[in-house]
Structures are given as structure tokens and as C-alpha cells.
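Chemist: Input: one structure, supplied below.
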Amino acid sequence: WMIVNSSGVAMTQKINTKLCLIVPRIYKEENALELSFPYMKSIRVPLKIDRCFSKVHATLCQSKVCGDRIEGIDCGDDVAEWLSDALLTSGLRLIRQSFNDKRSLKNTRIDGIPSQAISLTNQAQYLLINETSVKWLMDKISDWYDLADISDIDKLDGFIDRFRGNFIVEAPQILEELQWQSIQIGRVKFSADGPCLRC
Numbered sequence: 467w468m469i470v471n472s473s474g475v476a477m478t479q480k481i482n483t484k485l486c487l488i489v490p491r492i493y494k495e496e497n498a499l500e501l502s503f504p505y506m507k508s509i510r511v512p513l514k515i516d517r518c519f520s521k522v523h524a525t526l527c528q529s530k531v532c533g534d535r536i537e538g539i540d541c542g543d544d545v546a547e548w549l550s551d552a553l554l555t556s557g558l559r560l561i562r563q564s565f566n567d568k569r570s571l572k573n574t575r576i577d578g579i580p581s582q583a584i585s586l587t588n589q590a591q592y593l594l595i596n597e598t599s600v601k602w603l604m605d606k607i608s609d610w611y612d613l614a615d616i617s618d619i620d621k622l623d624g625f626i627d628r629f630r631g632n633f634i635v636e637a638p639q640i641l642e643e644l645q646w647q648s649i650q651i652g653r654v655k656f657s658a659d660g661p662c663l664r665c
């Protein structure tokens, strides 16, 4: 799912910081996605979208990194009005990725295997950040040391947060993650699809 404005452009937390206050919950047994927002009544949207809903074309975002055109299914007027009220922005729509949309990673992996399909993310499903590399980068950029009254650990945590990673690891070597072809967490193996263009 994604929220788009009246022009079909994806709403991001960078554009509207109140997005972080929307809490989604999936109730599989009840076939519902529930959205909640402080001081508002929650709203539910069916998980099984009726194919009769209107299809829309929306730009995922307006940049060279993620300027793909995607095909989505509008989730209806009730949730659109709810989102507009919550985010104080008129004309918002909730769009679910169409079953026919075949977006994939921008680049072919190093080993020559074609890129896999992705959902409505910028570049990949997950972003891994190496704390050792961020520490190294922090030392290279003197402007980041303007925060003299903050401990080094808090500074590092703040800088890591700026990258908005899903997985934070501490590898022994600086930029070691650029050489990884896969990462395994428990029994789950992830393929490395290359460096994040946004970062």
C-alpha cells in the first residue's frame, strides 16, 4: 500500500512527518487492514480488493532513483477521507499495489541473476546498515560534530537513524557490506542486491 496525493505522487514521511503516527494492523482472519491515528476512530480496509475498484496510475516518487510508474488499485473514498483528515491534507488516496504490477530492482545483481520483484519500496525490500561504516563516515564529515553536548553513542545512534535501515549490524571491517552477496539471519537468507542509491 501507499498513500498518494491528488496528483498521484507518493506521500512520504519526509513530506508529511505525521505519517509515522498512522499504525497499520493486519487482521488476516477478518480480512482487514486497520489504520489507527491518535484521537481518531480507526478505519478498516478489506485485504481482498474487489477487482471492480478503479485502477489508477501513480508515480511512486519524483526522483531518478524511484521514478517508476506503478499500477495500483484505489482502496475507496472512506479511507481516502480518513487519511486526508488524519494528515490534514486534502485529496489523499490509499493505493494498493496491483496484482499485475511487476516492479523490479533497478540493477542486475553482480552474479548476473536478474533482479527480483519488489513492492512499493524505493529500491529493495530491506536496507542493511553497517554500524562500523557509519562510524567511519561520521569521522569523515566534520559538520556532524556540531553536537558537542551529546555522547558519542547517542551521536552514532542518531546518524544510523538517518539512513532508516531495517537491519543494523556491526561488521568488523569498514564498508565490508559492499562485498557481501548474501546475509543470513537465523534460517532466513537474504540476497544482497547492491549498495543503496539513496544512501
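Going by our numbering, the sequence shown opens with residue 467, and the numbers climb by one from there. Cβ coordinates follow ideal geometry from the N, Cα and C atoms, glycine included.
Tell me which same chain residues have a C-beta within less than 6 Å of the C-beta of residue 640, skipping the five on either side of it?
Modeler: As a position in the sequence shown, residue 640 is number 174, starting the count at 1. So the list reads 598, 599 and 602, once near-sequence residues are dropped.
Chemist: Buried or exposed: which applies to residue 632, given that a residue is buried once 16 or more other Cβ atoms fall within 10 Å of its Cβ?
Modeler: Position 166 of the sequence shown holds residue 632. The residue is exposed, with fewer than 16 neighbouring Cβ atoms inside 10 Å.
Chemist: Just verifying my parser: in three-state terms, what is the DSSP assignment at residue 482?
Modeler: Here the question's residue 482 lines up with position 16 in the sequence shown. Coil, per DSSP.
Chemist: On the DSSP bridge list, what partners appear for residue 490?
Modeler: One-based indexing of the sequence shown puts residue 490 at position 24. Per DSSP, 501.
Chemist: Relative to the alpha-carbon of residue 549, which residue among 504, 513 and 622 has its alpha-carbon at the smallest distance?
Modeler: Looking up residue 549 in the sequence shown gives position 83. Answer by Cα proximity: 504.
Chemist: According to DSSP, which residues form a beta bridge with residue 655?
Modeler: Residue numbering aside, residue 655 sits at position 189 when the sequence shown is read from its first letter. For residue 655, which the question treats as bridged, DSSP gives the partners 650.
Chemist: Can you say whether residue 494 is buried or exposed, counting buried as having 16 or more other CB atoms within 10 angstroms of its CB?
Modeler: Walking along the sequence shown from the start, residue 494 turns up at place 28. By the 10 Å Cβ count, residue 494 comes out exposed.
Chemist: Are the beta-carbon atoms belonging to residue 541 and residue 553 less than 8 Å from one another?
Modeler: To locate residue 541, count along the sequence shown from 1; it is residue 75. To locate residue 553, count along the sequence shown from 1; it is residue 87. Contact flag unset, no.
Chemist: Taking the C-alpha atoms as reference points, what is the distance between residue 650 and residue 596?
Modeler: What you label residue 650 is simply residue 184 of the sequence shown in a count that begins at 1. What you label residue 596 is simply residue 130 of the sequence shown in a count that begins at 1. Whole-angstrom Cα-Cα distance: 15 Å.
Chemist: Might you give, ordered along the chain, the residues of its own chain that have their beta carbon closer than 7 Å to the beta carbon of residue 454, omitting 5 neighbours on each side?
Modeler: Residue 454 lies beyond the stretch modelled for the chain, which goes from 467 to 665, so this question has no answer here.
Chemist: From what residue to what residue does the alpha helix (DSSP H) around residue 629 run?
Modeler: The sequence position of residue 629 within the sequence shown is 163, counting from 1. No alpha helix (DSSP H) contains residue 629, which DSSP labels as neither H nor E.
Chemist: What would DSSP say about residue 530, mapped onto helix, strand or coil?
Modeler: The residue you call residue 530 lines up with position 64 of the sequence shown. Unreliable positioning characterises residue 530 in this predicted model, as indicated by a pLDDT of 28, which lies under 50. The coordinate reading is nonetheless provided below. Looking at residue 530 - three-state DSSP - the assignment turns out to be coil, as it is neither helix nor strand.
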